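Position in the sequence shown counted from 1, then plus 231, gives you the numbering used here. All C-beta atoms in this analysis are idealised placements derived from N, C-alpha and C, irrespective of residue type, glycine included. Predicted, not measured: the structure shown is a model, and the values here were computed from it.
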Amino acid sequence: QVQLVESGGGSVQPGGSLRLSCAASRSSSSIRAMGWYRRAPGKTRELVALSRSVGTINYAGPVKGRFTISRDNDKNTVYLQMNSLKPEDTAVYYCYVQSSRMFDYWGQGTQVTVSS
């Protein structure tokens, strides 16, 4: 079992920045991938960014060039730096971890609202 604790959501004006953090209760050595998904109002949950322990990173098309995912393996933490935020980025953002045994774990979600 992996517990995930998210922080960093909030409200920001268009063009602003936010950084999300997610700390995992398990050592990064037993984690296959860490990342972020989001669910906008009226839409299904979608991938935002994923960092695999082998070193590969994937971003969703709409966030490429604006969002950056990073990991601190010493702290078992994944971050999502979000710049140049747009109203369409408004969503609940969920931390995601896949264990080395291919089990999926989700954070409780943190609200990000981009509005003028």
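Counting along the chain, Asn289 sits inside the beta strand (DSSP E) bounded by residues 288–290. Close CB contacts of Glu277 within its chain, under the 7 Å cut and outside five residues either way in sequence, are with Tyr268, Arg269, Ala291 (chain order). According to DSSP, Leu281 shares a beta bridge with Gly266, Asn289. Three or more beta-carbon pairs drawn from the segment 299–309 and the segment 250–261 are found closer than 8 Å, and the two stretches are therefore classed as touching. Our two residues, Gly247 and Thr344, have alpha carbons roughly 11 Å apart in a direct line.
Annotated three-state conformation of Ser347 is coil, per DSSP. Here DSSP, grouped into helix, strand and coil, assigns Ser330 to strand. The continuous beta strand (DSSP E) containing Gly241 extends over residues 241–243.
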